[in-house]
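Participant: Using UniProt numbering, the letters of the sequence shown map in sequence onto residues 1 to 231.
In this text, a Cβ means the ideal position worked out from N, Cα and C, and glycines have one as well.
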Amino acid sequence: MLFLLRSMFFPLIPIVHFLLKLNCLFLPILITPLLLQQPESSRPFRLMKNNTTQVIDPPSIDEEDEEPLPQEFVLVEKTEPDGTIEQIVFSSGGDIDVYDLQALCDKVGWPRRPLSKLAAALKNSYIVASLHSIRKSPGSEGNEQKRLIGMARATSDHAFNATIWDVLVDPSYQGQGLGKALVEKLIRALLQKDIGNITLFADSQVVEFYRNLGFEADPEGIKGMFWYPNH
């Protein structure tokens, strides 16, 4: 009887091995219906040309590749009667001195914030855009006078959303369209990174300024919500 059971079992071994291999081959296909239920942007699969489905790992993201490429160019250039040339330079990649930023905040009447927090805010921003005045006097090559006259920054999740913060322009340079140019260049830099949901917080006196740049207040009834500590 034992001999009979062995003789019946041994021919099944190759079949079992085949079924195990077959199951391994079809495992990715069995997983696919679960993956199809996920949002399109997070599906870890790719549809091949021969109508087969291949499960793939999400691509790794190099943090340095995610950072926007810095830009720097002259927005305005003018020559004064004494021959002094002044350039207003836009930059989205240069470092901003935290003391220069504090001085600019003082000029526009903003309350002072701790320098350590200002430095952390700049460091952790996705894009920091700035306007500098560079003055070149005749016969003073290599002795330029550079001064911070405007800044705006944006934080982001690097994928869908960005929020613009701290838009300010030196009062002596306001009324020349520099604030508008600063925000427009910042928006363009975000759009180039495929970030389409851009928000900001505006004081009541500058709401119209941002409306003219395309921003909407409470779109479709959406409200900004704030939480403040009680103490």
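Quick check: what's the CA-CA separation for Ile96 versus Gly175?
Facilitator: Here residue 96 refers to the residue found at position 96 of the sequence shown. Here residue 175 refers to the residue found at position 175 of the sequence shown. Rounded to whole angstroms, Ile96 to Gly175 spans 23 Å at the Cα level.
Participant: Measure the alpha-carbon distance for Gly177 versus Ser137 and round it to whole angstroms.
Facilitator: Position 177 of the sequence shown, counted from the first residue, corresponds to residue 177. Position 137 of the sequence shown, counted from the first residue, corresponds to residue 137. Going by the C-alpha atoms only, they are around 25 Å apart.
Participant: Rounded to whole angstroms, how far is the Cβ of Ile85 from the Cβ of Thr79, which I believe are closer than 8 Å?
Facilitator: Within the sequence shown, numbered from 1, the residue matching residue 85 stands at position 85. Within the sequence shown, numbered from 1, the residue matching residue 79 stands at position 79. That pair is a contact at about 5 Å.
Participant: Taking buried to mean at least 16 other C-beta atoms within 10 Å of its own C-beta, is Ile187 buried or exposed?
Facilitator: Here the question's residue 187 lines up with position 187 in the sequence shown. The residue in question, Ile187, is buried, as its Cβ has 16 or more Cβ neighbours within 10 Å.
Participant: Identify, in the order they occur along the chain, each residue of the same chain with its Cβ nearer than 6 Å to the Cβ of Ser92, setting aside the five sequence neighbours on each side.
Facilitator: Working through the sequence shown from its first residue, we reach residue 92 at position 92. These residues qualify, in order along the chain: Pro70, Gln71, Ile127, Ala129, Ala189.
Participant: Using a 10 Å radius around the Cβ and a threshold of 16 neighbouring Cβ atoms, would you call Ala217 buried or exposed?
Facilitator: By one-based count along the sequence shown, residue 217 stands at place 217. With fewer than 16 Cβ atoms within 10 Å of its Cβ, Ala217 is classed as exposed.
Participant: Which whole runs of the alpha helix (DSSP H) in the segment 104 to 140 are 4 residues long or more, in chain order?
Facilitator: Listed in chain order, the complete alpha helix (DSSP H) runs (minimum 4 residues) inside the segment 104 to 140 are 115 to 123.
Participant: Grab me the residues of Ala202's own chain with a C-beta within less than 7 Å of its C-beta, minus the 5 sequence neighbours each way, in chain order.
Facilitator: Sequence index remark: in the sequence shown, residue 202 carries index 202 (1-based). Cβ neighbours of Ala202 beyond the five flanking positions: Tyr210.
Participant: Take Asp100 as the anchor and find which of Leu148, Ser133, Glu77 has the nearest alpha-carbon.
Facilitator: For the purposes of this step, residue 100 is taken as the residue at position 100 of the sequence shown. Per the Cα distances, Leu148.
Participant: Can you round the beta-carbon distance between Ile195 and Phe160 to whole angstroms, since I take them to be within the 8 Å contact cut?
Facilitator: Taking the first residue of the sequence shown as 1, we reach residue 195 at position 195. Taking the first residue of the sequence shown as 1, we reach residue 160 at position 160. Confirmed, about 7 Å.
Participant: Can you list, in chain order, the residues of its chain whose CB lies under 8 Å from that of Leu115, leaving out five sequence neighbours each side?
Facilitator: Counted from its first residue, the sequence shown places residue 115 at position 115. Val98, Tyr99, Gln102.
Participant: In terms of residue numbering, what span does the beta strand (DSSP E) encompassing Gly150 cover?
Facilitator: Along the sequence shown, read from residue 1 onward, the residue named residue 150 stands at position 150. It spans 145 to 156 - the beta strand (DSSP E) in which Gly150 sits, taken as one unbroken run.
Participant: Taking 6 Å as the limit between beta carbons, can you name the residues of its chain near Val169, skipping five residues before and five after?
Facilitator: What you label residue 169 is simply residue 169 of the sequence shown in a count that begins at 1. Cβ neighbours of Val169 beyond the five flanking positions: Gly150, Leu178, Gly179.
Participant: Rounded to whole angstroms, what is the Cα-Cα separation between Val207 and Phe215?
Facilitator: Stepping through the sequence shown from its first residue, residue 207 is reached at position 207. Stepping through the sequence shown from its first residue, residue 215 is reached at position 215. Going from the Cα of Val207 to the Cα of Phe215 covers about 9 Å.
Participant: What residue range does the beta strand (DSSP E) around Glu220 cover?
Facilitator: Locating residue 220 in the sequence shown gives position 220, where the first residue counts as 1. No beta strand (DSSP E) contains Glu220, which DSSP labels as neither H nor E.
Participant: Could you tell me which residues DSSP puts in a beta bridge with Phe90?
Facilitator: As a first step, residue 90 must be located in the sequence shown, where it is residue number 90. Per DSSP, Phe73, Leu131.
Participant: Pull up the CB-CB distance for Thr155 and Leu200, whole angstroms please, since I reckon it's below 8 Å.
Facilitator: Locating residue 155 in the sequence shown gives position 155, counting from the first residue. Locating residue 200 in the sequence shown gives position 200, counting from the first residue. That belief does not hold up - the Cβ atoms of Thr155 and Leu200 are roughly 11 Å apart, past 8 Å.
Participant: Give the single residue among Leu104, Ala119, Trp110, Lys117 whose Cα lies nearest to the Cα of Leu131.
Facilitator: Your numbering for residue 131 matches position 131 in the sequence shown. When only C-alpha atoms are compared, the closest one is Leu104.
Participant: Rounded to the nearest angstrom, what separates Gly224 and Gly142 at their Cα positions?
Facilitator: In the sequence shown, counting from the first residue as 1, residue 224 sits at position 224. In the sequence shown, counting from the first residue as 1, residue 142 sits at position 142. So the two alpha carbons sit approximately 49 Å from each other.
Participant: When we look at the beta-carbon of Phe73 and count the other beta-carbons within 10 Å, is it buried (16 or more) or exposed?
Facilitator: Locating residue 73 in the sequence shown gives position 73, where the first residue counts as 1. Exposed is the call here.
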